[in-house]
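First the structure, in the form of structure tokens, and then the observations on it.
Protein chains: 2
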Amino acid sequence: MAVSLREIFEAQSVAVVGASRDPFKAGHQVVRTLLSVGYAGKIYPINPNEKEILGLPCYRSIAEIREPLDLVVVCLPGKAAVTVMEEAERRGDVKGVVVLSAGFAETGVPENVEAQQRLAEIARRSGIRVFGPNCIGIMNPETKLVTGFHPGVTLVPGNVGYVTQSGALGGSLVTLALSQPKPLGFARFGHVGNMCDVSNVELIEDYGNDPAVKVILVYLEGVKDGREFMRVASQVTKKKPVLVLKVGRTESGARATLSHTATLAGTDAVYSGAFRQCGVVRVNTMQDLIAGAKAISMLPRPRGNRVCVLTEAGGMGVISTDEVEAGGVLKLAPMSWETCEKLTALLPPMAMVCKPNGYVDTSAAAMAREFGEAMRLILADPNVDMVVFNSIPPTFLPPMDVAQAVVPVIKEFDKPVVACFTVNETVVEARRYLEENGIPTFDTPDAAVRALAILTQATFSQGYPLADVPVATHPILERAVAEGRHLLEPEALDFLADHAIAGMPYVLAKTREEAQRAARELDGPVALKVVSPQVVHKSDVGGVRLNLRGPEAVGQGYDRLVDDVRRAVPDADIYGVLVVPMAPSGPEFIIGMTRDPQFGPTIMFGLGGVFVELFRDVSFRVAPFGPDVALDMIRETRGYRVLEGIRGEKPKDVASLVELLVRVSQLAAQYPQIREIDLNPVRVYEKGYSILDARILLDI
Amino acid sequence: MAVSLREIFEAQSVAVVGASRDPFKAGHQVVRTLLSVGYAGKIYPINPNEKEILGLPCYRSIAEIREPLDLVVVCLPGKAAVTVMEEAERRGDVKGVVVLSAGFAETGVPENVEAQQRLAEIARRSGIRVFGPNCIGIMNPETKLVTGFHPGVTLVPGNVGYVTQSGALGGSLVTLALSQPKPLGFARFGHVGNMCDVSNVELIEDYGNDPAVKVILVYLEGVKDGREFMRVASQVTKKKPVLVLKVGRTESGARATLSHTATLAGTDAVYSGAFRQCGVVRVNTMQDLIAGAKAISMLPRPRGNRVCVLTEAGGMGVISTDEVEAGGVLKLAPMSWETCEKLTALLPPMAMVCKPNGYVDTSAAAMAREFGEAMRLILADPNVDMVVFNSIPPTFLPPMDVAQAVVPVIKEFDKPVVACFTVNETVVEARRYLEENGIPTFDTPDAAVRALAILTQATFSQGYPLADVPVATHPILERAVAEGRHLLEPEALDFLADHAIAGMPYVLAKTREEAQRAARELDGPVALKVVSPQVVHKSDVGGVRLNLRGPEAVGQGYDRLVDDVRRAVPDADIYGVLVVPMAPSGPEFIIGMTRDPQFGPTIMFGLGGVFVELFRDVSFRVAPFGPDVALDMIRETRGYRVLEGIRGEKPKDVASLVELLVRVSQLAAQYPQIREIDLNPVRVYEKGYSILDARILLDI
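Note that the protein sequences, when read in sequence, are chains A and B. Following the working numbering, the numbering of the first sequence begins with 1 at its first residue and continues without gaps. Following the working numbering, the numbering of the second sequence begins with 1001 at its first residue and continues without gaps.
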């Protein structure tokens, strides 16, 4: 049985294979780093040509070590790494192997790809867990275990768990965290490299179960199995926040990640949807990742998203306020009339209080006591969930005085407060004091607000696990697959109707007279649409006629439609002509289903028409999902405002749209034969909706 | 005649009124700062109750000083400041006054507002220039002149000119600039405070003419006179780049700026358009402002926008690549096949070259010589305009070796190169070395790319001055103004036609029969629209009928329209019914003109329909403008893609739309009586356009 990752993080002994006396070789630096940080366990340098390295006796191979061996770090290339792995397997006691060397699958060279496959095979068979290859491995500040060769690494214990697909970025993030006024320490660090065995997802799961980790930070280029990621993440986020910096946002960026770690990045928008669906908070920069971690690590959870901007400098206050409003997560706190009155009475005459509400500029004339009292009045207001406190203390007011005035007040309340004291050396001491007293500080007023926004998202995000839907088939699908074709439109409508999705009532007319009779029964203007497996884009070949009224128009429409299609597609089998009522007008949406290489069946929703293309105002979620996720996915788009009723229009039937999305997501999960569903457009009314066109493509 | 601002920056003597022995008072700190930085001129502390301050003899008033006096710094409140100003006027030799004290117009208290007005009056009458009140004034590192009381101020000469509306932000920006690996020095610093006399705009103009300033950085909350700003900025940007951090982007942020410096921020989108129109580059954060200034200050101008990402660490390369593509200004350089081949031959086998093209990941296996050679191959490719070089040097490769390998190569070429060496202390020395050799370095790979984007924008931006259009009037406008009403639709159409803007052909029918005759002549379906000064929203009262064909339908439509309008608006004077042909279908746009409180006549363009509201996909420019600006304003919107022909549609007549925008912008400038123009929708075809509805509102 495979060992748990925690056992590897707690390894009591490490062998370094490829250890060297040459100070410029990785095999030297790993040993030196372990010694310099004071690793608590045993260190065994392995090099058949040396007797001693850095004062430690050298072994010819790991087989020679007579004592128990937990972890092996391999600094040798390709095939040599495979040999070490085989030796580890023979020993029987090795729990983990970290392969530092690059030059495996990421090169695309067949023999290197094979060497990596061999590592993976031995890992599976032996239960030994492999990090890498092409990675700097792991760090555990508690036991001072470091497998990488990062110069000047600092191990400050804390409660952050890092998962990274880039050694460089991982190292940079740790360094950035440690350079804060009060260093933000960490509990675990894992760089997964090429992920031949241990994956980023498994590391997230492990940290989720590890009480030493309070917040998980992930630098992500892509996941191999999106559904497994969601299974893990939706569980972990119930226990602790997961913040992800996902790169490869753009097409070129995604292609660059492919060459980096041989992981296909997939569609970035699907990742965004999946993150939201499983409660993961996405951030866009390294700075925000650390800012968010500081806030989560140091602050209580907010009760809501209402923030008061308390500032001593107008410009900084405006920047914070812009960020509150533009960020979309927070809003200015609607403080009570009473609080505003009391603040006005307290603060100097040039102070600007509650203009706008939630914004308090004390002016540089306020003194330390006034900052403390203002903080108390603000925090005591039940309409305030959080405070951003900005100050560039004037010379006559030492920053420490201000810090010491607000700290005891903040401690009386259980509400998050962040600070931006800027910008020169005079505030260094005050920032450290604030952080030592649980108040995270930031370099800029916008970064402080973003930290609160991330904290708020992490607090209120919900993770929804993917339900298991039994795979099924359906006679309509079976028949079409047997005939090697996609569904015809009437089949698609019947199939949807069988799953409680109401399309349009229709008649499949085989003759002009049938069409006229159908139109008469439908009573009102009708549309005619050709039904033929050879005709995919009906409109392009004259296969659609709209808004026909009365037997004459319908009959003529039928004849012309058939003529036009026959002329455009001479070999088309025309099964008939669909007669459907013209749908009432209403805003149009698009609902699509595709199969994502990472995430499987994925549902898209957005405003219809050219706007999908122009504005990408669409949201994605992974199927299947329930009504909560469907509603969230609708709300994520600006199209939601159309549904709420824009320009005096009445609100539309969002509930029916939610139900439709949920049902389509279930179909997608249930029938793997379906490759693609395209309901476009779907018109939504005050009550119900119409699906004006339904295409279902199969895997044929 | 008023003195030039440069004379004030070069003041040879400074009196500090309100000087104090109390180290916590501003009046003490100003004197102490002047002494500690080593101001080259004379310093006169003024305080009637002291004999000596900080070793300098004290004067009772500025009148007592027998030697020439250039500059007066006032640390006294309200009325006392006015008295000092009067004394300065009586002396006759004072060139400038800096009023540090707050508590003037920004308080909104009538007597404080009046004190500020008095300062302004005396300034106008005497020619003495006033900075403030409510400001920290000016700094000039050359002469070591500092009027503020910022603790620990450092004066490093350089070529940056700062204009700021916030003392705190201004100080923060300078500190941020000076904390770069090679401090980014400055030439001038000016904080304008309440701008009772010297404005931010005047300071921009002054720096524009000052050879000591190479790049101008502006922290902006708002301008008082938008057109004056554009006049100045469009001239200055021809000579040197102007970068602006404009805050108050959001509604709440704008309200906060109002309380800060009593400047109405105006519509942020209009500012964005105005900046673009006069060649100013807008940035969003303090960091980007400094990053852009570093790039401009240190680098040659790029020949184009094609950037190669050269990276030693995959993760950093991906972040840079994402930023290149997402930023919208730069693109990855399409390097030649030959360059890619040579790089592949040069670099280690695990390097990833030109996947995608323009992206080169050397991998950590590359050595110093290879970085140098790779840099040479890349810079020699004529398809490369710029390079971003990322490195987190591995232990076995000292960062200085890498820096020393690339510096001489970069010096052989006249192309901008920026670097991100991250992140811990090992790179500090290398970063300083790079910057001392003209290669700006940045903390993160995305910041490095943004610096190049700002440099590129500053290089290729064009400033277009506003033309002078003689004010005119027109009989149609005169008549309507005389009758106290807005233009009726046929008047609007005639007025537009008189200015070579083709509306629809129309007939104003007074009877049912006239409508029928008009429809017959127009040949094709028609629309009927009521014409009545009392009816503003025609559709709401049944005043519009669309798509009527044949005399019967037109006659019935006419009767019902008149009936419905009479019922809905019993006192409506119905002047007649407009009969117009139905316009062919086509994408719909909106063109609007409003008068902005800061910028005057302003034109808006965007996709029509609900999308203006949902996506704010509109652009603004200040009227009047020519075809270059009109085309840029169309291209700025995503609607431009619709005009290019989306989804296989043929391209639309952009040239005619450009002409239409130019003409509307001229009308806006020419006729101040017009308050608002609304052409909505304007349908654009492969050839020409139709204005389906034209509303012109007057100042009545």
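Idealized CB from N, CA, C, for every residue including glycine.
- With a threshold of 8 Å between beta carbons, B/Gly-1078 makes no contact with chain A.
- As DSSP reads the structure, A/Arg-306 sits in a beta bridge with A/Lys-331.
- As the crow flies, the alpha-carbon of B/Arg-1560 is around 29 Å from that of B/Gly-1586.
- DSSP places B/Ile-1439 outside both helix and strand once states are collapsed to three, so it counts as coil.
- Around the C-beta of B/Lys-1687, fewer than 16 other C-beta atoms lie within 10 Å, and the residue is accordingly described as exposed.
- DSSP, read as helix, strand or coil, puts B/Met-1582 in coil.
- Note that the segment 1449 to 1463 of chain B touches the segment 1271 to 1283 of chain B; at least 3 beta-carbon pairs, one per stretch, sit closer than 8 Å.
- Within the DSSP bridge table, the entry for B/Phe-1371 names no partner.
- Identification of residues in the segment 337 to 361 of chain A having a C-beta nearer than 7 Å to some C-beta of chain B yields Pro-349, Met-350, Met-352, Lys-355, Pro-356, Tyr-359 and Asp-361, given in sequence order.
- Following the DSSP letters along the chain, one finds A/Ala-212 in no alpha helix (DSSP H), marked with neither H nor E.
- Within chain A, the residues whose beta carbon sits less than 9 Å from that of B/Ala-1364 are Ala-102, Gly-167 and Ala-168, listed in sequence order.
- Between B/Phe-1189 and B/Pro-1470, the alpha-carbon positions lie close to 38 Å from each other.
- Residue burial is scored here from C-beta neighbours: B/Glu-1325 has at least 16 other C-beta atoms within 10 angstroms and is therefore classed as buried.
- Collapsing the DSSP output to three states places B/Glu-1588 in a strand.
- Between B/Ile-1439 and B/Val-1409, the C-beta gap is not smaller than 8 Å, which leaves the two residues out of contact.
- Close to A/Glu-114, with beta-carbon spacing below 8 Å, lies no residue of chain B; the smallest spacing is near 15 Å.
- A distance below 7 Å between beta-carbons, with the five flanking residues on each side excluded, links A/Leu-34 to the following residues of its chain, in chain order: Val-14, Ile-43 and Val-146.
- Fully contained in the segment 1094 to 1148 of chain B are the following beta strand (DSSP E) runs of length 3 or more, in chain order: 1096 to 1099, 1129 to 1131 and 1137 to 1140.
- Assignment of beta-bridge partners to B/Ala-1694 by DSSP yields B/Leu-1679.
- Cβ-Cβ distances below 6 Å link B/Cys-1308 to Ala-1333, Gly-1358, Ile-1378, Val-1384 and Val-1387 in the same chain, with the five nearest sequence neighbours on each side left out; the list follows chain order.
- Against A/Met-195, chain B offers no close residue; the least beta-carbon distance is about 14 Å (beta-carbon pairs closer than 8 Å).
- Nearest CB-CB separation between A/Thr-250 and chain B: below the 8 Å threshold.
- In this structure, A/Val-247 lies near B/Gly-1315, with their beta-carbon atoms less than 8 Å apart.
- Around A/Ala-405, the same chain offers Ala-368, Arg-369, Phe-371 and Gly-372 as residues with beta carbons nearer than 7 Å, after the five sequence neighbours per side are excluded.
- In this structure, A/Leu-243 sits near A/Gly-292, with a CB-CB distance shorter than 8 Å.
- For A/Tyr-219, the residues of chain B that pass the 8 Å Cβ criterion are Gly-1315, in the order they occur in the chain.
- As computed with DSSP, A/Leu-245 is found in a beta bridge with A/Tyr-219 and A/Val-283.
- Closest in C-alpha terms to A/Lys-224, from the list A/Ser-234, A/Arg-549, A/Asn-200 and A/Pro-584, comes A/Asn-200.
- Taking 8 Å as the cut-off, the Cβ atoms of A/Ala-351 and A/Thr-362 count as close.
- In the three-state DSSP reduction, A/Met-350 falls in the coil class, being neither helix nor strand.
- Three or more Cβ pairs closer than 8 Å define a contact, and the segment 191 to 200 of chain A meets that threshold against the segment 106 to 125 of chain A.
- Within chain A, the C-beta atoms nearer than 7 Å to that of B/Thr-1107 come from Pro-349 and Met-350, in chain order.
- By the rule that beta-carbons nearer than 8 Å mark a contact, B/Ile-1319 touches chain A.
- When the five nearest sequence neighbours on each side are left out, the beta carbons in the same chain lying within less than 6 Å of the beta carbon of B/Phe-1625 are those of Ser-1665, in order along the chain.
- Under a criterion of Cβ atoms nearer than 8 Å, the residues of chain A adjacent to B/Arg-1638 are, in order, Leu-614 and Phe-615.
- Counting the other Cβ atoms within 10 Å of the Cβ of A/Pro-302 gives 16 or more, which makes it buried.
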